[in-house]
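In what follows, a single structure is set out as structure tokens and then discussed.
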Amino acid sequence: SDIMPFGLLAPFTSPSCGSCVMRCIARVLAFLVKVLLACLPCLRRQCYRVVGLNVCLVRPTSVGRVVIRSSNPSVPPAIDPNFLGSEEDQRFMKKGIETVRRLLAATPLSEFVSSDLSLGTRLDDVNAKYNTSSYYHPTGTCCMGKCVDTDLRIFGIENLRVADASVLPVHPRVGPAAACLVIGTRCAELLIQTAQERV
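Residue numbers (our numbering): 94 to 292.
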């Protein structure tokens, strides 16, 4: 399902008619690839021979934005992840891609790699720009010190706390599940403590 990454649609995100057509064409192509894979076992077998390595920034410095667009709660917020927005992130991504290339060129792996489907180093910048995505652990959208205090209370609103990955001021170098469990446990302790103080 990830043969045609949605990153390929990134250049066509503007609301113009041409961009809309290109998005539709890319989606149709993605659907056709899925149908072909489902119907042709020989093509599926060839796909099993493909190996992919992901370069992942575990401590990105780029900062995105989540903005409320309307007082109507059914209107989704505007989200700009700003992937690779900082020079530091771009530099580390480039180093990561170079490391992967060296790894695949080293023996014994090089004996099993017949071709590079990324079309070579000349397109590394383009691939990094348009095929970069989140690994689904966004954090910091309601971070401690800016939106909530150290007791997880939202500034300016009484009796409302946030207890999830959004309060993390710095993204951990691993998936944030363990950090979220600690935040939830700490929030439960704070709620109990607040209830006891009111009695």
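For every residue, glycine included, the Cβ atom is placed at its ideal position computed from N, Cα and C.
Would you kindly check if the distance between the Cβ of Val241 and the Cβ of Leu255 is under 8 Å? With the sequence shown as reference, residue 255 is identified as Val, and Leu is not the correct amino acid for it. Yes; because the gap between Cβ atoms is below 8 Å, this pair is in contact.
Buried versus exposed call for Asp182 [16 or more other C-beta atoms within 10 Å across all chains shown]: buried
Give the DSSP-derived three-state secondary structure of Arg254 in the structure shown. strand
DSSP state of Val292, grouped into three classes? coil
Pull up the distance between the alpha-carbon of Phe185 and that of Thr192, whole angstroms please. Taken atom to atom, the span from the alpha-carbon of Phe185 to that of Thr192 is near 10 Å.
Terminal residues of the beta strand (DSSP E) in which Arg58 lies: There is simply no residue 58 to check, as the chain begins at 94 and stops at 292 in what is shown.
Considering only DSSP beta bridges, list what Arg194 is partnered with. According to DSSP, Arg194 bridges with nothing at all.
Given a threshold of 16 other Cβ atoms within 10 Å of its Cβ, counted over all protein chains shown, does Phe176 qualify as buried or as exposed? Phe176 comes out buried.
Per the contact definition of three or more C-beta pairs closer than 8 Å, is the stretch 146–153 in contact with the stretch 263–275? yes
Separation of Tyr223 from Ala103, as counted between CA atoms: Unreliable placement is indicated for Ala103, whose pLDDT of 49 sits below 50; the coordinate value is still reported in the next sentence. In a straight line, the C-alpha of Ala103 is about 6 Å away from that of Tyr223.
Near Arg158, what residues of its chain come up, given a Cβ to Cβ distance below 6 Å and the 5 sequence neighbours on each side ignored? Asp173
With burial defined as no fewer than 16 other Cβ atoms inside 10 Å of the residue's Cβ, what is the status of Leu42: buried or exposed? No information on residue 42 is available, as it lies outside the stretch 94 to 292 that the chain covers here.
Buried or exposed (CB count within 10 angstroms, at least 16 for buried), Ile276: buried
Taking only heavy atoms of the ligand ADP into account, decide whether any of them is closer than 7 Å to the Cβ of Gly189. Judged by which ligands are present, the structure shown has none, so any question about the ligand ADP falls away.
Could you have a look at Asp209 and say whether DSSP puts it in helix, strand or coil? coil
Quick check on Cys273: buried or exposed, where buried means 16 or more other Cβ atoms within 10 Å of its Cβ? buried
Runs of alpha helix (DSSP H) wholly within the stretch 130–157 (minimum 4 residues, chain order): DSSP runs (the alpha helix (DSSP H)) wholly in the stretch 130–157: 134–140.
Just to confirm my understanding: we take Arg215, look at its own chain, exclude 5 residues before and 5 after, and list those with CB closer than 6 Å. What are they? none
Rounding to the nearest angstrom, what Cα-Cα distance links Val143 and Pro201 in this structure? Using only the alpha carbons, I get a separation of about 16 Å.
Could you tell me the distance, in whole angstroms, from the CA atom of Pro269 to the CA atom of His230? 7 Å
Compare the C-alpha of Arg279 against each of Ile247, Ser163, Ser259 and Thr243 and name the closest. Thr243
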